[in-house]
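Visitor: The structure follows.
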Amino acid sequence: MRADMLTSILSELNGSSADIEASAIVSTDGLMMAALLPSSMDEDRVGAMSAALLSLGDRTAKELARGGLEQVLIKGDKGYILMTHAGEDAVLTVLAKPQAKLGLIFLDVKRAAESISKVI
Amino acid sequence: MNPSNISLFQHVNGFSPADSAAVLAVSSILVSMAPQLTDKFYDQLLSHPETRQHIDGRLDMLKGTHIQWMSQLFTGPHDEAFFARQEVIGVVHVKVKIPPLFVSSSMSFLRHEVVSMLHTKTEIGELSHEQFEAASAAILRLLDICQMLIDTAYETERLRLLSEATGMKVALIENLIALS
């Protein structure tokens, strides 16, 4: 039931922009809770790495006096990986195309994260 | 550590009540060897600059602690409280930043020296050959358990420190390790 709701939020998020290629919701322990990822991607790896990066981002923001973490953004030549908290116990990870308009995606991701936190 | 893990280790390494009895049967000889064994052990540590820096200025205190540890090892009882103390020893070693390499090499030195000293006692007739065989095997198993508990304490403490430094939960770190 909860997994279906989470998947539904991801589905809506992925449909909100053609630039969003995939997304996943991960526990802060790194375990996958829901995912709409390409079959070529290993969910366990995506889960653990997303949670790890967000934890490190949290700690880095704190250590370098940047305040509370809002998001972690990674840019590669084939696109973006965006991670953000979805409530206290989950991480929302989004994969976007290289030419993606990030401003719009940030808004959609923020909205999705809020919905996820209500479900979790 | 979970007591069932200690039981599992003992099951595989073979340390039994008979082993404990074999150690206790010659404990007076073993305890009498402890000061000499400790001196040899610290001579060995002092002979290398890297291990020496952890000892300088604390030699007498460390020797006293070591003799006390050996005496407990030789007189038992080898019960849950004994094993719990070995875990505490591990935590203390991590806290004072003794590298794990020093612990494993020290245990290796002690394994060799204890057996060598017991062998000498056998040659001069203080121990029977059977007592030597039984006590040597038992002490080697006991030292292996001690090292396992100390190693485990190191691993646990290092995970905790990594968790503290990165903000990652220990469960997440375990999941990352499991990926490889």
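Chain order of the listed sequences is U and S.
Read left to right, the first sequence gives residues 1 to 120 (the numbering used here).
Read left to right, the second sequence gives residues 1 to 180 (the numbering used here).
Beta carbons: idealized from backbone N, C-alpha and C, even for Gly.
1. I'd like to know whether the C-beta atoms of Thr28 of chain U and Leu172 of chain S end up nearer to each other than 9 angstroms.
2. On the criterion of 16 or more Cβ atoms from any shown chain inside 10 Å, does Gly57 of chain U qualify as buried, or is it exposed?
3. When you compare the CB positions of Val94 of chain S and Ala134 of chain S, do they come within less than 9 angstroms of one another, or not?
4. How is Asp23 of chain U classed by DSSP in three states: helix, strand or coil?
5. Thinking C-beta only, is Thr75 of chain S closer than 9 angstroms to Leu143 of chain S?
6. Considering only the alpha carbon of each residue, which of U:Ile74, U:Ser50, U:Lys78 lies closest to Ala85 of chain U?
7. For chain S, check one thing: does any of its Cβ atoms lie closer than 9 angstroms to the Cβ of Ser40 of chain U?
8. Which residues of chain U have a Cβ atom closer than 8 angstroms to the Cβ of Ser156 of chain S, listed in chain order?
9. Give the residues from the stretch 162 to 175 of chain S that approach chain U closer than 7 angstroms (Cβ to any Cβ), ordered along the chain.
10. Identify whether Val94 of chain U lies in helix, strand or coil by the three-state DSSP scheme.
11. CB Met32 of chain U to CB Gly47 of chain U, shorter than 9 angstroms?
12. Can you tell me where the beta strand (DSSP E) with Thr28 of chain U in it begins and where it stops?
13. Does the Cβ of Asp39 of chain S have 16 or more other Cβ atoms within 10 Å, making it buried, or fewer, making it exposed?
14. For Ala34 of chain U, which beta-bridge partners are listed by DSSP?
15. Can you tell me where the alpha helix (DSSP H) holding Ile81 of chain U begins and where it ends?
16. What distance in whole Å lies between the Cβ atoms of Ile105 of chain U and Leu69 of chain U, which are believed to be in contact at a cut-off of 8 angstroms?
17. DSSP on Ile177 of chain S, reduced to helix/strand/coil?
18. With a threshold of 8 angstroms, are at least 3 pairs of Cβ atoms found where one atom belongs to the stretch 31 to 48 of chain S and the other to the stretch 79 to 99 of chain S?
Guide: With the structure as the only source:
1. If you number the first sequence from 1, residue 28 of chain U lands on position 28. If you number the second sequence from 1, residue 172 of chain S lands on position 172. Going by C-beta atoms, Thr28 of chain U is nearer than 9 angstroms to Leu172 of chain S.
2. Along the first sequence, read from residue 1 onward, the residue named residue 57 of chain U stands at position 57. Classification for Gly57 of chain U: buried.
3. Translated into positions along the second sequence, residue 94 of chain S becomes position 94. Translated into positions along the second sequence, residue 134 of chain S becomes position 134. In this structure, Ala134 of chain S does not lie closer than 9 angstroms to Val94 of chain S by Cβ.
4. For the purposes of this step, residue 23 of chain U is taken as residue 23 along the first sequence, with counting starting at 1. Contrary to the premise, residue 23 of chain U reads as Ser rather than Asp in this sequence. Correct three-state label for Ser23 of chain U: strand.
5. As a position in the second sequence, residue 143 of chain S is number 143, starting the count at 1. As a position in the second sequence, residue 75 of chain S is number 75, starting the count at 1. No, Cβ-Cβ distance for Leu143 of chain S and Thr75 of chain S is not below 9 angstroms.
6. Residue 85 of chain U sits at position 85 when you count from the first residue of the first sequence. Note that residue 85 of chain U is His in the sequence shown, not Ala. Selected option, being the one with the closest Cα: U:Ser50.
7. Stepping through the first sequence from its first residue, residue 40 of chain U is reached at position 40. It does not: the Cβ of Ser40 of chain U has no partner Cβ on chain S nearer than 9 angstroms.
8. Position 156 of the second sequence, counted from the start, is the residue given in the question as residue 156 of chain S. Residue identity check: residue 156 of chain S is Thr in the sequence provided, not Ser. Correct list: empty, because the minimum Cβ distance to chain U is about 17 angstroms.
9. Thr166, Gly167, Met168, Lys169, Ala171, Leu172, Asn175
10. One-based indexing of the first sequence puts residue 94 of chain U at position 94. If DSSP states are grouped into helix, strand and coil, Val94 of chain U belongs with the strands.
11. Within the first sequence, residue 32 of chain U is the residue found at index 32, counting from 1. Within the first sequence, residue 47 of chain U is the residue found at index 47, counting from 1. Closer than 9 angstroms, so yes.
12. The residue labelled residue 28 of chain U in the question sits at position 28 within the first sequence. Element bounds for Thr28 of chain U: n/a, residue is neither H nor E.
13. The residue labelled residue 39 of chain S in the question sits at position 39 within the second sequence. Exposed is the call here.
14. Taking the first residue of the first sequence as 1, we reach residue 34 of chain U at position 34. Per DSSP, U:Ile25.
15. Mapped onto the first sequence, residue 81 of chain U falls at position 81. First-last for Ile81 of chain U: 79 to 85, but that is the beta strand (DSSP E), not the alpha helix (DSSP H).
16. The count along the first sequence starts at 1 and reaches residue 69 of chain U at position 69. The count along the first sequence starts at 1 and reaches residue 105 of chain U at position 105. Not really, about 17 angstroms apart at Cβ, beyond 8 angstroms.
17. Indexing the second sequence from 1 puts residue 177 of chain S at position 177. Helix.
18. no
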